[in-house]
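Note sheet for the following structure.
Residue numbers (full-length UniProt numbering): 1 to 168.
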């Protein structure tokens, strides 16, 4: 998917770290933002993405290509089954949290709702799996910067939650 010559059905996209990707227009059109840019751009114009790193853009374009190819039909049958698509998406979100968060930001910027949904769902699942404040901090590498006094005050102010959920 790296750079090459551009034809009528291809578009060049440049990342924040100056990596250029040449992809089919139908792949780029999975992004509402890119689709709009392509409609307004001059032929052969490179689309700059100043907030998306090349490694993240590469992953996102790979996802877009897979999803475009998955629904193409040959002999009246889609190239990929629903299960194959679900498996691909599940594997796509299995990455270190910093990379997942960058993917969320890029998907939001590029307006790719389906990537935004699956990545945010993964974060939500990880939060639920972690279960407790301490578990969430450990899972996401968040340092506890509250003093014991601040924690006690927060617990007191939110005691009503324990009344609503006594088993937790």
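We put the beta carbon where it would ideally sit given N, CA and C, even for glycine.
Note that the structure is predicted; figures quoted are calculated from it, not measured.
Spatial distance of residue i from residue j (CA atoms)
i           : j           : result
residue 63  : residue 137 : 29 angstroms
residue 53  : residue 100 : 13 angstroms
residue 39  : residue 131 : 46 angstroms
residue 156 : residue 164 : 14 angstroms
residue 33  : residue 149 : 47 angstroms
residue 15  : residue 113 : 20 angstroms
residue 144 : residue 152 : 13 angstroms
residue 87  : residue 135 : 27 angstroms
Residue i (DSSP reduced to helix, strand or coil)
i           : result
residue 103 : helix
residue 46  : coil
residue 11  : strand
residue 153 : helix
residue 161 : helix
residue 123 : helix
residue 41  : coil
residue 21  : strand
CB-CB length for residue i against residue j, believed under 8 angstroms
i           : j           : result
residue 60  : residue 115 : 6 angstroms
residue 139 : residue 126 : 6 angstroms
Cβ-based burial, residue i [other Cβ within 10 Å; buried from 16]
i           : result
residue 23  : buried
residue 28  : buried
residue 146 : exposed
residue 119 : buried
residue 82  : exposed
Exercise. With a cut-off of 8 angstroms, do at least 3 Cβ pairs link the segment 80–98 to the segment 36–54?
Worked result: They do not touch, by the three-pair rule.
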